[in-house]
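Position in the sequence shown (from 1) plus 568 gives the number in our numbering. Where a beta carbon is used, it is the ideal one built from N, C-alpha and C, also for glycine. Computed from a predicted model, the values in this text were never measured in an experiment. The next block holds one structure in the form of structure tokens; read it before the comments.
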Amino acid sequence: MQTTETGSPLVRYEDIETARETLKGVISETSMDHSRALGRITGSTVHLKCENLQRAGSFKVRGAYVHMASLTEAQRAKGVVAASAGNHAQGVALAASKLGINARIYMPLGAALPKVQATRDHGATVVLAGNNVDEALELAARYAQETGATFIHPFDNPKIVAGQGTVGLEILEQQPDVDTVVMSIGGGGLLAGTAIALKEHARRQGRHINVIGVQAEKAAAYPPSLVAGKPVALDNVATIADGIAVGRPGDVPFSVIKELCDEVVTVTDDEIAAAIVFLLERSKMVVEPAGAAPVAALMTGKLQEAGIESESTVAVLSGGNIDPMLMLKVIQVGLSSAGRFLTVKIPLRDRPGELKTISRIIAENDANVTRVDHSRVGAGLTMGGVHITIDMETRGRDHSEQVLESLREAGYEAMVQH
Numbered sequence: 569m570q571t572t573e574t575g576s577p578l579v580r581y582e583d584i585e586t587a588r589e590t591l592k593g594v595i596s597e598t599s600m601d602h603s604r605a606l607g608r609i610t611g612s613t614v615h616l617k618c619e620n621l622q623r624a625g626s627f628k629v630r631g632a633y634v635h636m637a638s639l640t641e642a643q644r645a646k647g648v649v650a651a652s653a654g655n656h657a658q659g660v661a662l663a664a665s666k667l668g669i670n671a672r673i674y675m676p677l678g679a680a681l682p683k684v685q686a687t688r689d690h691g692a693t694v695v696l697a698g699n700n701v702d703e704a705l706e707l708a709a710r711y712a713q714e715t716g717a718t719f720i721h722p723f724d725n726p727k728i729v730a731g732q733g734t735v736g737l738e739i740l741e742q743q744p745d746v747d748t749v750v751m752s753i754g755g756g757g758l759l760a761g762t763a764i765a766l767k768e769h770a771r772r773q774g775r776h777i778n779v780i781g782v783q784a785e786k787a788a789a790y791p792p793s794l795v796a797g798k799p800v801a802l803d804n805v806a807t808i809a810d811g812i813a814v815g816r817p818g819d820v821p822f823s824v825i826k827e828l829c830d831e832v833v834t835v836t837d838d839e840i841a842a843a844i845v846f847l848l849e850r851s852k853m854v855v856e857p858a859g860a861a862p863v864a865a866l867m868t869g870k871l872q873e874a875g876i877e878s879e880s881t882v883a884v885l886s887g888g889n890i891d892p893m894l895m896l897k898v899i900q901v902g903l904s905s906a907g908r909f910l911t912v913k914i915p916l917r918d919r920p921g922e923l924k925t926i927s928r929i930i931a932e933n934d935a936n937v938t939r940v941d942h943s944r945v946g947a948g949l950t951m952g953g954v955h956i957t958i959d960m961e962t963r964g965r966d967h968s969e970q971v972l973e974s975l976r977e978a979g980y981e982a983m984v985q986h
């Protein structure tokens with residue numbers, strides 16, 4: 569664990585307790601929701617720590633406020649600057665408004681418009697610049713050097729880590745028998761702070777609490793970094809989970825995670841999408857991709873694969889800030905991943921009655937058609953041929969296979985589209 573020059577850790581359990589006192593009256597103590605559906609899947613008692621219901625929509629306000637509350641009057645007068653695609657931006661903006669500090673936030677050009685507007689609504693000055701978060705971070709750091717504003721890093725700062733660690737204290741009070749906590753990792757601030765709180769509490773009780781991190785498969789910098797024993801930067805990241813799309817672990821959180829984290833697992837974007845739909849249907853929770861990653865890990869048995877046994881599990885839903893346009897796409901992908909949304913492409917001879925026959929077959933199998941596309945031109949089509957593409961809702965994978973089998977038995981070459 570990274571330490572000061574005197575050898576003491578940069579973030580201690582006592583720092584997290586102090587952070588909690590600082591946050592009293594500022595944040596919400598978010599609820600713990602029992603998920604029977606996840607319990608049936610995992611064989612464990614599962615609770616959801618609902619940071620998606622936190623002020624500004626994520627845990628980020630915790631660390632941001634703790635850091636900014638520690639600034640001197642002279643520092644506050646010069647303002648703060650940050651960079652983020654969304655959640656950290658809103659957390660900093662909200663904390664700044666509470667403390668009466670001017671905040672300037674650099675957000676990448678592709679940032680979701682609802683997140684940009686929400687950040688502005690909290691009173692921050694938003695500058696859209698840079699093609700990604702890393703470029704926005706560089707611009708924010710440069711602004712801090714030029715103006716004397718305090719740079720509020722999203723994760724690589726001891727006070728940020730201490731603030732995020734207050735999630736762990738709440739978990740321990742709300743679910744005292746917890747033996748496994750699962751949460752997503754981007755830069756690592758949430759996992760590091762929560763791990764310090766959980767592990768020290770467990771040590772004092774003479775027991776063990778598993779701390780499990782989850783990353784998106786194509787934005788997973790922690791597994792290679794843990795193997796190397798130091799932060800390793802990825803060449804690129806590509807995931808729907810923008811809240812954890814971080815190419816390099818932070819030095820401060822990495823020093824904690826390499827010692828205290830029991831396992832880091834990865835999930836695909838399709839698995840995350842399926843988890844978002846699951847949370848919508850079963851828990852009535854709107855959760856962003858980064859927040860749904862821990863649930864995706866539970867649904868796909870990643871803990872069992874890693875040899876982690878648990879009787880009382882808590883999954884942290886770290887945020888709920890999802891762009892409605894992304895939500896539309898995610899729902900379709902999630903339903904498809906769960907086998908409940910089927911798209912088939914069928915080559916036909918262009919003659920009357922073909923579509924009627926196909927519709928009858930689908931109806932007889934109790935599937936619901938939601939879209940039909942009829943094309944007479946395209947690759948692979950001959951004169952007199954057409955392609956028909958049909959989207960339909962089904963009850964699951966077995967039902968989808970039933971529909972496909974019926975179409976093929978009737979002589980149609982039904983090709984599944986992904």
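Environment of residue i [buried if 16+ CB atoms lie within 10 Å]
i      : result
Met751 : buried
Ser886 : buried
Gln658 : buried
Met636 : buried
Met893 : exposed
Pro799 : buried
Asp747 : buried
Ser652 : buried
Val735 : buried
Pro792 : exposed
Ser904 : buried
Leu896 : exposed
Val937 : exposed
Thr718 : buried
Lys924 : exposed
Asn889 : buried
Ala931 : exposed
Between the CA atoms of residue j and residue i - distance to the nearest angstrom
i      : j      : result
Glu879 : Gln743 : 12 Å
Val629 : His656 : 7 Å
Gly774 : Asp745 : 13 Å
Leu759 : Ala770 : 16 Å
Gly875 : Gly818 : 27 Å
Arg963 : Glu585 : 48 Å
Val835 : Gly859 : 12 Å
Lys727 : Ile844 : 31 Å
Ala632 : Gly731 : 7 Å
His955 : Gly921 : 14 Å
Glu619 : Ser943 : 46 Å
Met983 : Asp941 : 14 Å
Val695 : Pro676 : 8 Å
Leu916 : Arg850 : 40 Å
Asp583 : Thr911 : 53 Å
Ser974 : Ile929 : 7 Å
His986 : Leu639 : 51 Å
Gly869 : Ala801 : 28 Å
Glu706 : Lys767 : 34 Å
Tyr581 : Ile899 : 40 Å
Same chain, Cβ closer than 7 Å to residue i, neighbours up to 5 away in sequence not counted
i      : result
Leu794 : Lys826, Val832
Glu714 : none
Ala763 : Val779, Val824, Ile825, Leu828, Cys829
Leu847 : Met853, Val855, Ala860, Val863
Ala686 : Gln658
Val901 : Asp838, Ala841
Lys913 : His955, Thr957, Met983, Gln985
Contact set for residue i: own chain, Cβ-Cβ below 8 Å, skip 5 residues either direction
i      : result
Thr574 : Reliability of the predicted coordinates at Thr574 is poor, the pLDDT of 36 falling under 50, and no value is obtained from them.
Ile609 : Leu866, Met867
Ser576 : Unreliable positioning characterises Ser576 in this predicted model, as indicated by a pLDDT of 45, which lies under 50. A coordinate reading is not provided.
Ala861 : Ser752, Val782, Gln783, Ala784, Ala809, Ile812, Val835, Ile840, Ala843
Leu591 : Arg630, Tyr633, Val634, Gly731, Thr734
Glu703 : Pro676, Ala697
Glu873 : Val833
One or two residues paired with residue i in a DSSP bridge
i      : result
Lys913 : Thr957, Met983
Ile728 : Beta-bridge pairing links Ile728 to no other residue.
Val884 : Lys617
Asn778 : Thr748
Glu831 : Ile780
Asp936 : Correcting the residue identity first, residue 936 is Asn in this sequence and not Asp. The partner list for Asn936 (beta bridge, DSSP) reads Glu961.
Ile673 : Ala650, Val694
Ser943 : His955
Close beta carbons around residue i, own chain, < 6 Å, minus the five adjacent residues each side
i      : result
Asp891 : Ala680, Pro682
Arg644 : Ile669
Thr598 : Cys618, Glu619, Leu621, Gln622
Val882 : His615, Lys617, Ile739, Gln743, Val746, Val749
Thr693 : Arg672
Val814 : Gly754, Gly755
Beta carbon proximity, residue i to chain B, threshold 8 Å
i      : result
Ala704 : Absent here is chain B; the protein component of the structure consists of one chain.
Do three or more CB pairs link the segment 714 to 733 to the segment 783 to 799 at distances below 8 Å? no
(Q) For the segment 633 to 649 against the segment 667 to 679, do three or more pairs of beta-carbon atoms, one drawn from each stretch, fall closer than 8 Å, so that the two count as touching? (A) yes
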